[in-house]
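Comments concern the structure below.
Number of protein chains: 2
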Amino acid sequence: MTGAKRDTYTPDSLLAVAVTVFNERGYDGTSMEHLSKAAGISKSSIYHHVSGKEELLRRAVSRALDGLFGILSEEAALGGTPVRRLEYVTRRMVEVLIAELPYVTLLLRVRGNTDTERWALERRREFDHRIAELLRAAAAENQVRTDVGVRLAALLVSGMINSIVEWYRPGGGPLAERELADAVVRVVFSGVRG
Amino acid sequence: MTGAKRDTYTPDSLLAVAVTVFNERGYDGTSMEHLSKAAGISKSSIYHHVSGKEELLRRAVSRALDGLFGILSEEAALGGTPVRRLEYVTRRMVEVLIAELPYVTLLLRVRGNTDTERWALERRREFDHRIAELLRAAAAENQVRTDVGVRLAALLVSGMINSIVEWYRPGGGPLAERELADAVVRVVFSGVRG
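Take a look at the structure:
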C-alpha cells in the first residue's frame with residue numbers, strides 16, 4: 001500500500017486505533033478499509049494481527065469487561081459490610097470507566113448484531129446482576145432502602161455511572177477524577193438532598 | 001413501486017415509522033430506501049411529505065425536546081420551593097421519557113454530524129443547564145447538598161434518567177410507570193441508602 005507505515009503495531013496499540021474508529025463510526029459502520037486507513041497500514045498487515053474486525057471488537061469489550069469484573073474480586077469488594085462493599089464497587093466502577101474510557105464507551109454502545117455483541121450484552125447484564133446482589137445483601141441488613149427493587153436500583157446506579165462516558169473528557173488529572181468518583185458515591189448513596 | 005401500499009400516512013404516522021428505523025439502524029445508517037421499504041411506500045411518496053431524512057430527524061427530536069422543555073413551563077415546575085420544583089421536574093422527565101420513548105431514545109443517540117444533530121445536542125445541553133439552575137436555586141436555600149457541583153449533579157441526574165431508554169420496554173401499564181417514576185425520584189433525592 002503506497003504511503004503505508006511500516007507495521008510496528010503491538011496488539012494493544014492496534015486495538016487502541018480500532019477502538020477509536022469504532023467509537024467514531026460505530027462498529028457496524030466500520031470496514032477493514034477504515035481501520036487500514038486509520039492505522040496507516042495495509043489490510044493484510046491488520047490480518048497479520050487479527051482475524052478481522054470482530055476479533056478487535058471482542059478484545060476491546062473484553063478489556064472493558066475484565067476491568068469491571070476485576071473490581072468484584074478486589075479485597076474491599078469481598079470483605080466488610082455489604083454497604084461498604086457496594087460503596088467500594090461504585091467508586092471503582094467510576095475509576096475503571098475513566099481508566100478504560102474508550103473501551104467502556106464501546107462496550108456501552110454495543111447493540112447485539114453479532115455473536116460478540118450478544119456476548120458483551122450478556123456479560124453487561126451479568127455485571128448488573130452482581131451489583132443487584134450486593135444491593136440485596138445490603139437491603140437484607142437494612143443498610144440500603146427496600147422501597148426500590150434491587151434490580152431497578154442496580155440499573156439506575158449503573159445507568160448514572162455509565163452516562164459519564166457521554167460527557168467526560170480526560171485531562172483533569174487525578175484530583176478531578178477523585179472528585180468525580182466522590183460525587184458519584186455521594187449522589188448514589190445519599191442522593192442530591194444529601 | 002410494485003407492491004407499495006397506498007400512501008395513507010399522516011405526518012405523525014410517517015414519523016413513527018422513520019423513528020423506529022432510525023433507532024434500529026442509526027440515523028447515519030438509514031437511507032431513504034430503508035425508509036421507503038419500512039413504510040411500504042415509494043421514495044417519491046415520502047418526498048411528498050418531507051424534504052428528506054434530515055427533516056424527519058428534526059421533527060422527531062423536536063417532539064422529544066418539546067416534551068422535555070414543556071415540563072419546565074408546567075405550573076408545578078414554576079411555583080413552590082426549588083426542591084419541590086426539582087422533584088416535580090425529575091418525575092415528569094421520567095414520564096415524558098416513557099410517553100415519548102422512541103423519540104427520546106433517538107434524541108439521546110444523536111451524535112452531531114449534521115446541523116440538525118448539532119442543534120439537538122445544543123438543546124439537550126440547554127435542558128441540562130435548566131436542571132442545573134433548579135439545583136442551584138435549591139442549593140442556595142440549603143435544600144440540596146452543596147458538596148457536589150450543580151452542573152455535575154445535573155449531568156448525573158439526567159444520565160440516570162436517560163439510561164432508562166436502554167432497558168425500559170412499554171407494556172407494564174400506568175402502575176409500573178408510576179413505580180418507576182417513584183423509584184427514580186427516591187434514588188435521585190435520597191440515594192440508595194434512603
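Residue numbers (UniProt numbering), protein chains in the order written: chain A, 1 to 194; chain B, 1 to 194. Each residue gets a CB set at the ideal place from its N, CA and C atoms; glycine is no exception. A quick note: this is a predicted structure, and the numbers were derived from the prediction, not measured.
Query                                                                                                                                                                       : Result
For residue 191(B) and chain A, any beta-carbon pair shorter than 9 Å?                                                                                                      : yes
Mapping the DSSP letters down to three states, classify residue 110(B) as helix, strand or coil.                                                                            : coil
How do the region 165 to 185 of chain A and the region 87 to 94 of chain A stand: do at least 3 beta-carbon pairs fall below 8 Å, yes or no?                                : yes
Could you check which residue in 27(B), 171(B), 156(B) and 74(B) has the C-alpha nearest to that of residue 101(B)?                                                         : 171(B)
Does residue 145(B) come out as helix, strand or coil in the three-state DSSP assignment?                                                                                   : coil
Just to confirm the assignment, what range does the alpha helix (DSSP H) spanning residue 82(B) have?                                                                       : 82 to 99
Could you spell out where the alpha helix (DSSP H) holding residue 116(B) opens and where it closes?                                                                        : 115 to 140
Below 8 Å on the Cβ atoms is my contact criterion, and I expect residue 155(A) with residue 89(A) to pass it. Report the Cβ-Cβ distance as a whole number of Å.             : Wrong, their Cβ atoms sit about 15 Å apart, outside the cutoff.
Quick check: is the beta carbon of residue 157(B) nearer than 9 Å to any beta carbon in chain A?                                                                            : yes
Pull up the distance between the alpha-carbon of residue 148(A) and that of residue 161(B), whole angstroms please.                                                         : 15 Å
Nearest chain B C-beta to residue 1(A) closer than 9 Å, yes or no?                                                                                                          : Any answer about residue 1(A) is weak, because its pLDDT of 48 lies below 50 and its placement is not dependable; what the coordinates show is given next. No - not a single Cβ of chain B is within 9 Å of the one on residue 1(A).
Measure the alpha-carbon distance for residue 110(A) versus residue 125(A) and round it to whole angstroms.                                                                 : 13 Å
Mark residue 44(A) as exposed unless 16 or more other C-beta atoms lie within 10 angstroms of its C-beta, in which case mark it buried.                                     : exposed
Taking 8 Å as the cut-off, does the region 10 to 20 of chain B touch the region 28 to 42 of chain B (at least 3 CB pairs, one atom from each stretch)?                      : yes
In chain order, what residues of the same chain have a beta carbon less than 8 Å from the beta carbon of residue 103(A), not counting five sequence neighbours either side? : 19, 60, 61, 63, 64 and 67
Using the beta-carbon of each residue, which ones in chain B are nearer than 7 Å to residue 167(A)?                                                                         : 155
Mind pulling the beta strand (DSSP E) runs of 3 or more residues that sit fully within the UniProt domain "HTH tetR-type" (8 to 68) of chain A?                             : none
Checking contacts by CB at 9 Å: is residue 120(B) closer than that to chain A?                                                                                              : no
So, is residue 13(B) buried or exposed, given that buried needs 16 or more other C-beta atoms within 10 angstroms?                                                          : exposed
Determine the contact status of residue 5(B) and residue 30(B), defining contact as a CB-CB distance below 9 Å.                                                             : no
I'd like to check one pair, residue 26(B) with residue 26(A): are the Cβ atoms closer than 9 Å?                                                                             : yes
Tell me the rounded alpha-carbon separation between residue 16(B) and residue 122(B).                                                                                       : 23 Å
Are the CB atoms of residue 144(B) and residue 193(A) nearer to each other than 9 Å?                                                                                        : yes
Could you work out which residues of chain B lie near residue 212(A), taking near to mean beta carbons separated by less than 9 Å?                                          : What is shown of chain A runs 1 to 194, which leaves residue 212(A) out entirely.
Could you tell me whether any Cβ in chain A is nearer than 9 Å to the Cβ of residue 71(B)?                                                                                  : no
State the DSSP-derived secondary structure class of residue 79(A), mapped to helix, strand or coil.                                                                         : coil
Would you decide whether residue 273(A) is buried or exposed? Buried here means 16 or more other CB atoms lie within 10 Å of its CB.                                        : No answer is possible for residue 273(A): it lies beyond the span of chain A, which begins at 1 and ends at 194.
If you drop the 5 nearest sequence neighbours on each side, which residues of the same chain put their C-beta closer than 7 Å to that of residue 150(A)?                    : 132, 135, 136 and 139
Buried or exposed: which applies to residue 24(A), given that a residue is buried once 16 or more other Cβ atoms fall within 10 Å of its Cβ?                                : exposed
Quick check: what's the CA-CA separation for residue 142(B) versus residue 77(B)?                                                                                           : 19 Å
With DSSP collapsed to three states, give me the class of residue 73(B).                                                                                                    : coil
Judging by CA-CA distance, which residue of 34(B), 73(B) and 9(B) is the nearest neighbour of residue 49(B)?                                                                : 9(B)
With H, G and I counted as helix, E and B as strand and the rest as coil, what does DSSP make of residue 194(A)?                                                            : coil
Less than 9 Å separating the beta-carbons of residue 166(A) and residue 159(B)?                                                                                             : yes
Output, in chain order, the set of chain A residues within a Cβ distance shorter than 8 Å of residue 26(B).                                                                 : 26, 28 and 29
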